[in-house]
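A.B. asks: As given, the protein sequences belong to chains X and A, one line each in that order.
Residue numbering for the first sequence follows this note's numbering, starting at 7 and increasing by one per position.
Residue numbering for the second sequence follows this note's numbering, starting at 7 and increasing by one per position.
Starting off with a structure, shown below.
Protein chains: 2
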Amino acid sequence: MPEAQPVFLRPLKAPAENTGSTVAFGTDQPLVLDSGKCLAPLTIAYMTYGQLNAARSNAVLVCHALSGDQFVASRHPLTGKAGWWDYAVGPGKAIDTNRFFVICTNVIGGCMGTTGPASVDPKTGQTYGLGFPLVTIRDMVRAQAMLIDALGIDQLLAVTGGSMGGMQTLQWAASYPERVYSAMPIATAARHSAQNIAFNEVGRQAIMADPSWRGGDYARSAVHPSKGLAVARMAAHITYLSEAALQRKFGRQLTDRNALSFGFDADFQIESYLRHQGMTFVDRFDANSYLYITRAMDYFDLAADYGGVLAEAFRGTKTRFCIVSFTSDWLFPTVENKRVAHALNAAGANVSFVEIESDRGHDAFLLDEPQLFDTMSGFLGAAAAVKGIG
Amino acid sequence: MPEAQPVFLRPLKAPAENTGSTVAFGTDQPLVLDSGKCLAPLTIAYMTYGQLNAARSNAVLVCHALSGDQFVASRHPLTGKAGWWDYAVGPGKAIDTNRFFVICTNVIGGCMGTTGPASVDPKTGQTYGLGFPLVTIRDMVRAQAMLIDALGIDQLLAVTGGSMGGMQTLQWAASYPERVYSAMPIATAARHSAQNIAFNEVGRQAIMADPSWRGGDYARSAVHPSKGLAVARMAAHITYLSEAALQRKFGRQLTDRNALSFGFDADFQIESYLRHQGMTFVDRFDANSYLYITRAMDYFDLAADYGGVLAEAFRGTKTRFCIVSFTSDWLFPTVENKRVAHALNAAGANVSFVEIESDRGHDAFLLDEPQLFDTMSGFLGAAAAVKGIG
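Printed below as a string of structure tokens:
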């Protein structure tokens, strides 16, 4: 951790029209990755909401999940839909943009303005494709720290996020404890499980099986591996919901047909729902980014960097933690979130743990869950009060 | 139900070399399907083990699951592997072929000798492909009843099977109560859930996304939709295992590499295991059969044929039932199996219910599970004793 004041880095590029703000780092400021490779130049696309106070002490970093981006609380430029955490972030909401300066960045490897496999490799003048270096959750967090430096923020009041966003939150607390006043990882884990790696691998194989993928070199082609990416999204989407929620929402209800078609059209509502999820995803997401970001999740094993002892990742931390899980989440079940809480306890950290009753599965963290918002605003409010933020 | 002695139908074809025995029904004996269409001619491929006794009273019908076939207890002609239920069926085993005459048929729609989408449509002289009519679990059971007739068996001592085999078992007991002396449905449900339909739909979309699928018309092509089928199998395979079993068996263990590759090769053992499952499956299974059989499972909703009241499917039954589930099975969880047991109770049936403690997920029914075999042999032995079979 830098003990000194962070260096103010000058953005090299003007903010892009569609991706919010950007900050760019040249070849003189390479990001050294866990793989040993360097990423340079590097552009980070981000959005901010609310005002940074004079003391630069009210910043909250929100980290997005696999398919998310920087548009946490504002209309998405491609889909026109509300921000992915519009329920939680905004004026008067749990993460109150009247009080806090909220930052959300597109992760490296992403496809909404931050450098990723769809970016141009300056060495070749061509799109990176699979020439893009593999990135890890720690690399994503390193890039975010460069942005936080560039914004002149020494310490974040809070870091939070669900799923892969929770992984980044944990990594922030481990890598930069002095820069994270409080951390709220939601519906996440300190390591990706075998089952989760398995589901990610199915998604990757679906993409790679699509002949339009062309070994990742599809950028100049008119056809992108949309079918493979849609199948990947469909498989993943099932894991975001609970069996109970699927049964309640869809059960065996038929589409607008009156009877079974005795064919392969979408007879059941769950089928047309899943097909819709697959089809709309490909309009806003890059297949290679999907490969890279799922791989980063698979590689995540925070304890491994600390001799296999998770508590060591948090030894001596002064960060305030709040861990949140949902009862019906089977992708990042309560037991994995509790493992983090236990490690924090073992490290003597200030930690609270909340398991929220919900039948909506992993997706619950993105939905209208009042208990989540109460937990958030209570935790953030207390952190702000202790830190002396009005 | 035929009250009279069953008609002895003459097999029209000699047994095929690779698919065990076959019985064939000509256009004069069409199978009328739930869709209203007729299937004729129809060949049913089957295997038998043990000897039918003089009274023709010791026959046990074993019904296979989605990816199974008639080779329940003998070497598979394509893979060379032991039968899929070799643990359970054989001389001195739970389903003891020294005592019982075991019959196992490839379901209609299948690809191991029974008429399916890879068969030649006599109307066109070409492979059916998607011209094959959609079949249901009830249609599969109707075809099996034609075979049982042809074998001169009036009443089966038992019908059993796991997963889709359990669906057939339930359908047998509902459609032909007088012909089923005892029934043991294992790890199954009386209807396919929204989540299970969802996983099947992902598999179908993976196959249909493969350009080699060609709308189902790939038979004359050199290239089959193997990549799509492999992805479908990989996704399904995850659902056959429990999170706990995956963690125990694979965890985050790496393949023979010493470290992460920082690439998209199979770094984790779970990845190479899944890829292997996908690759080997395509050597023995037809992609169109996969579409048809998953669709039959999706359509299964036994209560729907009885005014929505499952107990009505079993009203007045004299069949003895034993329902078996496994604690860690999340594809056909205990609650779905219990629903069947409750309906049987409501119908006043003779039913026992056994939940077996296992962390091996849905796959447990195919594995070496002594408590399953004890349950089976006890249930079958009691049925045989009450029926007066030595």
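Ideal placement from N, C-alpha and C gives every residue a C-beta, glycine not left out.
Report the three-state DSSP secondary structure of residue 167 of chain X (helix, strand or coil).
C.D. replies: In the first sequence, counting from the first residue as 1, residue 167 of chain X sits at position 161. Note: residue 167 of chain X maps to strand in three-state DSSP.
A.B. asks: Given residue 93 of chain X, which residues of its chain have a CB within under 6 angstroms of its CB, disregarding the five upstream and five downstream residues?
C.D. replies: As a first step, residue 93 of chain X must be located in the first sequence, where it is residue number 87. Counting only Cβ-Cβ distances below 6 angstroms, and skipping sequence neighbours, we find 374.
A.B. asks: Tell me whether the stretch 243 to 261 of chain A and the stretch 212 to 229 of chain A touch, counting them as touching only if at least three CB pairs, one residue from each stretch, are closer than 8 angstroms.
C.D. replies: In short, these stretches do not touch, since the Cβ pair count stays below three.
A.B. asks: May I ask you to report which of helix, strand or coil DSSP gives residue 258 of chain A?
C.D. replies: Here residue 258 of chain A corresponds to residue number 252 of the second sequence, with the count starting at 1. Residue 258 of chain A falls in the coil class under three-state DSSP.
A.B. asks: Buried or exposed: which applies to residue 175 of chain A, given that a residue is buried once 16 or more other Cβ atoms fall within 10 Å of its Cβ?
C.D. replies: Position 169 of the second sequence, counted from the start, is the residue given in the question as residue 175 of chain A. When all chains shown are included, residue 175 of chain A counts as buried.
A.B. asks: Starting from residue 244 of chain A, trace the beta strand (DSSP E) both ways and give me its first and last residue.
C.D. replies: As a first step, residue 244 of chain A must be located in the second sequence, where it is residue number 238. First-last for residue 244 of chain A: 232 to 246, but that is the alpha helix (DSSP H), not the beta strand (DSSP E).
A.B. asks: Assess, as a yes-or-no matter, whether the stretch 123 to 132 of chain X is touched by the stretch 82 to 93 of chain X under the definition of 3 or more beta carbon pairs within less than 8 angstroms.
C.D. replies: Short answer: they don't touch.
A.B. asks: Along chain D, which residues have their Cβ under 7 angstroms away from the Cβ of residue 76 of chain X?
C.D. replies: Looking for chain D here will not work: the only protein chains present are X and A.
A.B. asks: Could you name the residues of the same chain whose beta carbon sits closer than 7 angstroms to that of residue 141 of chain A, not counting the 5 residues immediately before and after it, in chain order?
C.D. replies: If you number the second sequence from 1, residue 141 of chain A lands on position 135. So the qualifying residues of the chain are 39, 114, 115, 298 and 302.
A.B. asks: Is residue 283 of chain A close to chain X, meaning its C-beta is less than 7 angstroms from at least one C-beta of that chain?
C.D. replies: On the second sequence, position 277 is the one that residue 283 of chain A refers to. Chain X, which has no Cβ nearer than 7 angstroms to the Cβ of residue 283 of chain A, makes this no.
A.B. asks: Ends of the alpha helix (DSSP H) at residue 296 of chain X?
C.D. replies: Numbered from its first residue, the first sequence carries residue 296 of chain X at position 290. It spans 293 to 305 - the alpha helix (DSSP H) in which residue 296 of chain X sits, taken as one unbroken run.
A.B. asks: Would you say residue 347 of chain X and residue 359 of chain X are within 7 angstroms of each other, going by their C-beta atoms?
C.D. replies: Sequence index remark: in the first sequence, residue 347 of chain X carries index 341 (1-based). Sequence index remark: in the first sequence, residue 359 of chain X carries index 353 (1-based). Yes, they are a contact pair.
A.B. asks: My output table needs one value for residue 331 of chain A: the three-state DSSP class, helix, strand or coil.
C.D. replies: Translated into the one-based positions of the second sequence, residue 331 of chain A becomes position 325. Of the three classes helix, strand and coil, the one that applies to residue 331 of chain A here is strand, per DSSP.
A.B. asks: Measure from the alpha carbon of residue 332 of chain A to the alpha carbon of each residue in A:100, A:232, A:35 and A:381, then state which is nearest.
C.D. replies: Against the second sequence, residue 332 of chain A aligns to sequence position 326. Checking every option, the nearest Cα to that of residue 332 of chain A belongs to A:381.
A.B. asks: Taking the CB atoms as reference points, tell me whether residue 230 of chain A and residue 283 of chain A lie closer together than 7 angstroms.
C.D. replies: Against the second sequence, residue 230 of chain A aligns to sequence position 224. Against the second sequence, residue 283 of chain A aligns to sequence position 277. Cβ atoms of residue 230 of chain A and residue 283 of chain A: not closer than 7 angstroms.
A.B. asks: Which term fits residue 85 of chain A, buried or exposed, when burial requires 16 or more other beta carbons within 10 angstroms of its beta carbon?
C.D. replies: Indexing the second sequence from 1 puts residue 85 of chain A at position 79. It is exposed - the Cβ of residue 85 of chain A has fewer than 16 other Cβ atoms within 10 Å.
A.B. asks: Under a CB-based cut-off of 7 angstroms, is residue 84 of chain X close to chain A?
C.D. replies: Within the first sequence, numbered from 1, the residue matching residue 84 of chain X stands at position 78. Chain A, which has no Cβ nearer than 7 angstroms to the Cβ of residue 84 of chain X, makes this no.
A.B. asks: Give the residues of chain X in contact with residue 252 of chain A, contact being defined as C-beta atoms less than 8 angstroms apart.
C.D. replies: Numbered from 1 along the second sequence, position 246 holds the residue referred to as residue 252 of chain A. Per Cβ cutoff of 8 angstroms: 199, 200, 201 and 204.
A.B. asks: Just how far apart, CA to CA, sit residue 157 of chain A and residue 204 of chain X?
C.D. replies: Position 151 of the second sequence holds residue 157 of chain A. Position 198 of the first sequence holds residue 204 of chain X. One C-alpha to the other measures close to 45 angstroms.
A.B. asks: Please state the DSSP three-state secondary structure of residue 380 of chain A.
C.D. replies: Numbered from its first residue, the second sequence carries residue 380 of chain A at position 374. Three-state DSSP puts residue 380 of chain A in a helix.
A.B. asks: Note down the Cα distance separating residue 209 of chain X from residue 269 of chain X, rounded to an integer number of angstroms.
C.D. replies: By one-based count along the first sequence, residue 209 of chain X stands at place 203. By one-based count along the first sequence, residue 269 of chain X stands at place 263. In a straight line, the C-alpha of residue 209 of chain X is about 26 angstroms away from that of residue 269 of chain X.
A.B. asks: The stretch 258 to 279 of chain A: which residues have C-beta closer than 7 angstroms to a C-beta of chain X, in chain order?
C.D. replies: Against chain X - using a Cβ distance shorter than 7 angstroms - the residues of the stretch 258 to 279 of chain A are 258, 266, 268, 269, 270, 274, 276 and 277.
A.B. asks: Closer than 7 angstroms by beta-carbon distance: list the chain X residues that pair up with residue 346 of chain A, in chain order.
C.D. replies: Counted from its first residue, the second sequence places residue 346 of chain A at position 340. None at all; the shortest Cβ gap to chain X is about 16 angstroms.
A.B. asks: Determine the direct distance from the alpha carbon of residue 100 of chain X to that of residue 376 of chain X, and round the result to whole angstroms.
C.D. replies: The residue given as residue 376 of chain X occupies position 370 in the first sequence. The residue given as residue 100 of chain X occupies position 94 in the first sequence. Residue 376 of chain X and residue 100 of chain X: Cα-Cα distance of roughly 9 angstroms.
A.B. asks: Residue 148 of chain A by DSSP, collapsed to three states: which one?
C.D. replies: Counted from its first residue, the second sequence places residue 148 of chain A at position 142. Looking at residue 148 of chain A - three-state DSSP - the assignment turns out to be helix.
A.B. asks: Of the residues that make up the stretch 203 to 224 of chain X, which ones have a beta carbon closer than 8 angstroms to any beta carbon in chain A?
C.D. replies: Going along the stretch 203 to 224 of chain X in chain order, one finds 203, 204, 205, 207, 208, 210, 211, 212, 214, 215, 216 and 217 with a Cβ nearer than 8 angstroms to chain A.
A.B. asks: Looking at C-beta atoms only, is the number of pairs between the stretch 148 to 165 of chain X and the stretch 289 to 297 of chain X that lie closer than 8 angstroms three or more?
C.D. replies: Verdict: no, contact absent.
A.B. asks: Taking 7 angstroms as the cut-off, decide whether the C-beta atoms of residue 55 of chain X and residue 76 of chain X are in contact.
C.D. replies: Residue numbering aside, residue 55 of chain X sits at position 49 when the first sequence is read from its first letter. Residue numbering aside, residue 76 of chain X sits at position 70 when the first sequence is read from its first letter. No; because the gap between Cβ atoms is not below 7 angstroms, this pair is not in contact.
A.B. asks: Strictly below 8 angstroms CB to CB, what residues from chain A border residue 234 of chain X?
C.D. replies: Here residue 234 of chain X is taken as the residue at index 228 of the first sequence, counted from 1. Chain A residues near residue 234 of chain X: 215.
A.B. asks: So, with DSSP's three-state summary, where would you put residue 132 of chain A?
C.D. replies: Walking along the second sequence from the start, residue 132 of chain A turns up at place 126. Residue 132 of chain A: strand per DSSP, three-state reduction.
A.B. asks: Taking the alpha-carbon of residue 329 of chain A as reference, which of A:61, A:385 and A:258 has the nearest alpha-carbon?
C.D. replies: Counted from its first residue, the second sequence places residue 329 of chain A at position 323. It is A:385.
A.B. asks: Going by alpha carbons, who is nearest to residue 368 of chain X out of X:393, X:342 and X:357?
C.D. replies: On the first sequence, residue 368 of chain X is found 362 positions in, with the first residue counted as 1. That would be X:342, whose Cα lies nearest to the Cα of residue 368 of chain X.
A.B. asks: Is DSSP giving residue 36 of chain X helix, strand or coil here?
C.D. replies: The residue given as residue 36 of chain X occupies position 30 in the first sequence. Coil at residue 36 of chain X, not helix or strand.
A.B. asks: Within 10 angstroms of the Cβ of residue 7 of chain A, are there 16 or more other Cβ atoms? Answer buried if so, exposed if not.
C.D. replies: Against the second sequence, residue 7 of chain A aligns to sequence position 1. Any reading at residue 7 of chain A needs caution, since the residue's pLDDT is 30, under 50, leaving its predicted position unreliable; the model's value is listed next. So residue 7 of chain A counts as exposed.
A.B. asks: Only counting the same chain, and skipping five residues up and downstream in sequence, which positions put a Cβ closer than 8 angstroms to that of residue 15 of chain X?
C.D. replies: Here residue 15 of chain X is taken as the residue at index 9 of the first sequence, counted from 1. Legend: pLDDT at residue 15 of chain X = 34, less than 50; position of this residue unreliable, no value from coordinates given.
A.B. asks: Does the beta-carbon of residue 349 of chain A have 16 or more other beta-carbons within 10 angstroms, so that it is buried, or is it exposed?
C.D. replies: Working through the second sequence from its first residue, we reach residue 349 of chain A at position 343. By the 10 Å Cβ count, residue 349 of chain A comes out buried.
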